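Visitor: This is the structure I want to talk about, given as structure tokens.
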Amino acid sequence: MTTEGAPAEARAVLAALGVPAERLVGGPASRTPITGEKLAEPRLADAAELEAAIGRASAAFEIWRDVPAPRRGELVRLFGEELRRSKAALGRLVTLEAGKIVSEGLGEVQEMIDVCDFAVGLSRQLYGLTIATERPDHRMMETWRPLGVVGVISAFNFPVAVWAWNAALALVCGNAAVWKPSEKTPLTALATQALFERAAAVFGGAPEGLSSVVLGGRELGEQLVDDARVALVSATGSTAMGRAVGPRVASRFGRSLLELGGNNAAIVRPSADLDLTLRAVAFSAMGTAGQRCTTLRRLFVHGEVYDNLLPRLRQAYASVAIGDPREQGVLVGPLIDGDAFSAMERALERARLAGATVSGGERVEGPGGAESFYVRPALVEIAEHAGPALEETFAPILYVLRCDDLDEAIALNNAVPQGLASAIFTNDLREAERFLSARGSDCGIVNVNIGPSGAEIGGAFGGEKETGGGRESGSDSWKAYMRRATNTVNYGATLPLAQGVRFDI
Ligand code: UN1
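Residues in the sequence shown are numbered consecutively from 23, following my numbering.
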């Protein structure tokens with residue numbers, strides 16, 4: 023497989039996926055983190071273009087909400103087909119644009135396909151309840167209705183899958199979608215939109231503007247957030263971003279679905295299967311170069327197994343293959359940019375000053391010289407749960423702390439502002455159940471004997487506290503994309519009032 027010519031390859035893939043060449047000129051340079059080379063210059067949208075996109079989406083919604091849900095599912099099914107056909111090409115573009123290793127680039131597209139399949143099934147299962155009523159000859163039920171325009175703001179690290187979680191559900195639920203992707207990953211967004219348009223052409227009759235993408239920066243995001251026609255803003259990114267978005271949407275009584283930062287932990291107990299633990303920790307902490315919101319960032323290891331696990335972990339950190347993510351065997355690709363590297367350096371410096379033992383963390387030579395940022399993942403042994411360990415640094419840093427007492431380990435798991443993902447490694451049923459219980463982990467994702475990252479799409483995805491509280495993807499997350507109407511129907515000839523109230527005129 024070629025390890026050169028990222029710009030040429032990206033251009034070829036974009037053309038094959040149907041992105042018109044004129045979309046790729048006239049804007050700021052978009053670069054690959056693999057080498058730092060420019061891939062294209064996609065033109066950004068201005069305020070008027072976003073205004074028009076929301077207008078088209080609003081008009082599309084008025085048509086789409088009347089299309090029967092299983093028929094809406096057909097469009098999503100066709101989109102899933104396009105994704106299957108173009109999995110290799112789009113996965114490759116994810117690698118080129120976000121720097122993910124090949125199998126993770128493909129995995130990201132698979133996650134899109136999976137959520138399309140899920141949404142297609144869902145399109146025949148948007149169930150409401152029938153509820154017992156206290157009045158004779160009455161029927162009470164709830165029905166779920168489409169919301170309107172859904173604004174999707176997505177992050178660079180899952181440049182297309184997280185949009186697909188939102189869009190696939192939003193569409194089968196009868197909504198229109200407007201997408202503002204990360205400024206760092208515009209090309210995969212344009213390619214995804216082109217595939218969506220192919221599916222819409224095969225479908226025939228999808229209203230124009232049903233799903234669109236607008237490229238731009240913070241101001242464009244703010245405009246999307248503030249527009250009263252956008253019924254739901256689903257935003258994935260930093261807690262700082264969510265802190266800005268949430269109140270703005272709330273102030274106009276819009277809905278928001280926030281999927282923000284995580285500072286995810288795992289607890290290792292004496293009975294843990296250490297081979298399995300090692301592999302799970304390695305993937306969760308070093309995979310995607312530590313740039314998943316579910317990345318394992320803190321590890322609490324029981325003293326009885328500490329001196330067995332840690333040398334093996336240090337060895338894994340010292341030997342993991344880092345480099346060009348297109349190369350076979352490489353497991354850790356580049357950080358997204360120099361800012362990510364600086365943030366990592368700052369966190370490690372603070373840890374060192376606080377007396378931590380740091381292995382790894384140094385810059386590693388990559389294919390692109392100074393313009394790309396490859397690092398050895400850092401294993402940071404700390405004596406105290408403090409300092410940078412309490413913060414989410416979007417880079418591969420794993421803080422390790424010895425902790426014997428399970429209650430204390432659970433308290434530490436919960437002692438950060440975020441509440442996304444967590445795990446325990448144990449073969450002790452009582453410990454596992456305690457971690458899963460109401461007194462256990464306070465996160466949205468609580469696992470046993472698998473790491474905190476790499477969730478399947480069938481479960482509801484998201485977390486508590488500063489993670490934002492939203493749930494996307496599986497289970498009943500679809501309800502966030504609909505409004506519930508409670509309907510009471512009187513099929514009798516009298517008018518009995520609830521609670522026995524009399525009002526005889
Ligand atoms: C994210 O990092 O924003 O569970 C999403 C996981 C992936 C999704 C991560 N399925 O790690």
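Using N, Cα and C, we set each Cβ at its ideal position, and we do this for glycine too. Computed from a predicted model, the values in this text were never measured in an experiment.
Can you tell which of R398, G466, I419 and A287 has its C-alpha closest to the C-alpha of C425?
Guide: For the purposes of this step, residue 425 is taken as the residue at position 403 of the sequence shown. The shortest Cα separation from C425 among R398, G466, I419 and A287 belongs to A287.
Visitor: Sorted by chain position, which residues of the same chain lie with C-beta nearer than 8 Å to T25's C-beta, five sequence neighbours on each side aside?
Guide: Here residue 25 is taken as the residue at index 3 of the sequence shown, counted from 1. Confidence is the limiting factor: at T25 the pLDDT is only 49, short of 50, which leaves the residue's position unreliable and the question unanswerable from this model.
Visitor: Can V142 and V200 be called in contact, C-beta distance under 9 Å?
Guide: On the sequence shown, position 120 is the one that residue 142 refers to. On the sequence shown, position 178 is the one that residue 200 refers to. No, they are not a contact pair.
Visitor: Based on the DSSP secondary-structure assignment, which residues constitute the bridge partners of S256?
Guide: Numbered from 1 along the sequence shown, position 234 holds the residue referred to as residue 256. Answer by DSSP bridge pairing, in chain order: V174 and L279.
Visitor: Distance check for C138 and V157, CA to CA, integer angstroms please.
Guide: For this step, residue 157 is matched to residue 135 along the sequence shown. For this step, residue 138 is matched to residue 116 along the sequence shown. One detail in the question is off: residue 157 reads as Arg in this sequence, not Val. Going by the C-alpha atoms only, they are around 42 Å apart.
Visitor: Let me check understanding here. Comparing Cα to Cα, which of T54, R94 and P50 lies closest to G391?
Guide: Residue numbering aside, residue 391 sits at position 369 when the sequence shown is read from its first letter. The option with the nearest alpha carbon to G391 is T54.
Visitor: Near I85, which residues of its chain fall below 7 Å by C-beta distance, leaving aside the five closest residues on each side in sequence?
Guide: To locate residue 85, count along the sequence shown from 1; it is residue 63. Correct list, in chain order: P229.
Visitor: Let me confirm a value: N330 is counted as buried when at least 16 other C-beta atoms fall within 10 Å, else exposed. Which label applies?
Guide: Translated into positions along the sequence shown, residue 330 becomes position 308. When all chains shown are included, N330 counts as exposed.
Visitor: For the ligand UN1, enumerate in chain order all residues having a CB closer than 7 Å to any of its heavy atoms.
Guide: Those residues are E133, A177, N179, F180, A183, V184, T258, E281, R314, C315, T316, S475, G476, A477 and F483, given in chain order.
Visitor: Go to I85, then tell me how far its alpha helix (DSSP H) extends in each direction, as first and last residue.
Guide: Your numbering for residue 85 matches position 63 in the sequence shown. A69 to W86 is the extent of the alpha helix (DSSP H) around I85.
Visitor: For P347, which of helix, strand or coil comes out of DSSP?
Guide: Reading the sequence shown from its first residue, position 325 is the one you call residue 347. Coil, per DSSP.
Visitor: Does the beta-carbon of E104 have 16 or more other beta-carbons within 10 angstroms, so that it is buried, or is it exposed?
Guide: Here residue 104 refers to the residue found at position 82 of the sequence shown. With 16 or more Cβ atoms within 10 Å of its Cβ, E104 is classed as buried.
Visitor: Where D295 and R167 are concerned, what is the direct C-alpha to C-alpha distance, given to the nearest angstrom?
Guide: In the sequence shown, the residue the question calls residue 295 occupies position 273. In the sequence shown, the residue the question calls residue 167 occupies position 145. So the two alpha carbons sit approximately 48 Å from each other.
Visitor: Rounded to the nearest angstrom, what separates M23 and L357 at their Cα positions?
Guide: The residue you call residue 23 lines up with position 1 of the sequence shown. The residue you call residue 357 lines up with position 335 of the sequence shown. With a pLDDT of 44 at M23, under the threshold of 50, the predicted position of this residue should be treated as unreliable, and no value is reported.
Visitor: Comparing C-alpha positions only, which one of L61, N197, T317 and T57 sits nearest to G48?
Guide: Locating residue 48 in the sequence shown gives position 26, counting from the first residue. The option with the nearest alpha carbon to G48 is L61.
Visitor: Consult DSSP for S125 and reduce its assignment to one of helix, strand or coil.
Guide: Residue numbering aside, residue 125 sits at position 103 when the sequence shown is read from its first letter. Of the three classes helix, strand and coil, the one that applies to S125 here is helix, per DSSP.
Visitor: Let me know if E326 comes out buried or exposed under the rule of 16 or more other beta-carbons within 10 Å of its beta-carbon.
Guide: Position 304 of the sequence shown, counted from the first residue, corresponds to residue 326. Looking at its Cβ environment, which holds fewer than 16 other Cβ atoms inside 10 Å, E326 is exposed.
Visitor: Nearest-angstrom Cα distance between A34 and D429?
Guide: Counted from its first residue, the sequence shown places residue 34 at position 12. Counted from its first residue, the sequence shown places residue 429 at position 407. The alpha-carbon atoms of A34 and D429 are separated by roughly 55 Å.
Visitor: Given a threshold of 16 other Cβ atoms within 10 Å of its Cβ, counted over all protein chains shown, does Q215 qualify as buried or as exposed?
Guide: Residue 215 sits at position 193 when you count from the first residue of the sequence shown. Buried, because 16 or more other Cβ atoms sit within 10 Å of the Cβ of Q215.
Visitor: Which residues bound the alpha helix (DSSP H) around F101?
Guide: Here residue 101 refers to the residue found at position 79 when the sequence shown is read from its first residue. Here the alpha helix (DSSP H) through F101 covers A91 to R107.
Visitor: Select from L151, P518 and L280 the residue whose C-alpha is nearest the C-alpha of W185.
Guide: Within the sequence shown, residue 185 is the residue found at index 163, counting from 1. Nearest of L151, P518 and L280 to W185, Cα basis: L280.
Visitor: Using the beta-carbon count (16 or more within 10 Å), is T317 buried or exposed?
Guide: Residue 317 sits at position 295 when you count from the first residue of the sequence shown. Classification of T317: buried, given that the 10 Å Cβ count is 16 or more.
Visitor: Taking C-beta to C-beta, are A362 and Q440 nearer than 9 Å?
Guide: Counting from 1 along the sequence shown, the entry for residue 362 is found at position 340. Counting from 1 along the sequence shown, the entry for residue 440 is found at position 418. Not a contact, by the Cβ cut-off of 9 Å.
Visitor: Just to confirm my understanding: we take D249, look at its own chain, exclude 5 residues before and 5 after, and list those with CB closer than 6 Å. What are they?
Guide: As a position in the sequence shown, residue 249 is number 227, starting the count at 1. Counting only Cβ-Cβ distances below 6 Å, and skipping sequence neighbours, we find I76.
Visitor: Shortest alpha-carbon distance to P181 belongs to which of R240, L148, L115 and G264?
Guide: Position 159 of the sequence shown, counting from 1, holds the residue named residue 181. Out of R240, L148, L115 and G264, L115 has the C-alpha closest to the C-alpha of P181.
Visitor: For V468, does the three-state DSSP call read helix, strand or coil?
Guide: Along the sequence shown, read from residue 1 onward, the residue named residue 468 stands at position 446. Note: V468 maps to strand in three-state DSSP.
Visitor: Beta strand (DSSP E) containing F447: first to last residue?
Guide: In the sequence shown, counting from the first residue as 1, residue 447 sits at position 425. A443 to F447 is the span of the beta strand (DSSP E), which, as asked, contains F447.
Visitor: Which of the three DSSP states, helix, strand or coil, is assigned to S204?
Guide: In the sequence shown, the residue the question calls residue 204 occupies position 182. Reduced to three states, the DSSP call for S204 is coil.
Visitor: Should S273 be labelled buried (16 or more other beta-carbon atoms within 10 Å of its own) or exposed?
Guide: Taking the first residue of the sequence shown as 1, we reach residue 273 at position 251. It counts as exposed.
Visitor: At what residue ranges does the segment 123–170 contain a whole run of the alpha helix (DSSP H), taking only runs of 4 or more?
Guide: Entirely contained in the segment 123–170, the alpha helix (DSSP H) runs reaching 4 residues are, in chain order, 124–144.
Visitor: Does the structure place the segment 332–340 close enough to the segment 453–467 that three or more beta carbon pairs sit under 8 Å?
Guide: With a cut-off of 8 Å, the segment 332–340 and the segment 453–467 do not count as touching, because too few Cβ pairs lie within range.
Visitor: Among A211, A304, L97 and P208, whose alpha-carbon lies nearest the alpha-carbon of G226?
Guide: Counting from 1 along the sequence shown, the entry for residue 226 is found at position 204. Closest option to G226, Cα to Cα, is L97.
Visitor: If I'm right that A365 touches F416 with Cβ under 8 Å, what's the distance once you round it to whole angstroms?
Guide: To locate residue 365, count along the sequence shown from 1; it is residue 343. To locate residue 416, count along the sequence shown from 1; it is residue 394. Going by Cβ atoms, the distance from A365 to F416 rounds to 7 Å, so yes, they are a contact pair.
Visitor: Out of V235, L335, L242 and E494, point me to the one whose CA is closest to V41's CA.
Guide: To locate residue 41, count along the sequence shown from 1; it is residue 19. Considering only alpha carbons, the answer is V235.
Visitor: When the Cα atoms are used, what is the spatial distance from W500 to A189?
Guide: Here the question's residue 500 lines up with position 478 in the sequence shown. Here the question's residue 189 lines up with position 167 in the sequence shown. When rounded, the distance between both Cα atoms is 11 Å.
Visitor: Between the segment 204–218 and the segment 147–166, can you find at least three pairs of beta-carbon atoms closer than 8 Å?
Guide: Verdict: no, contact absent.
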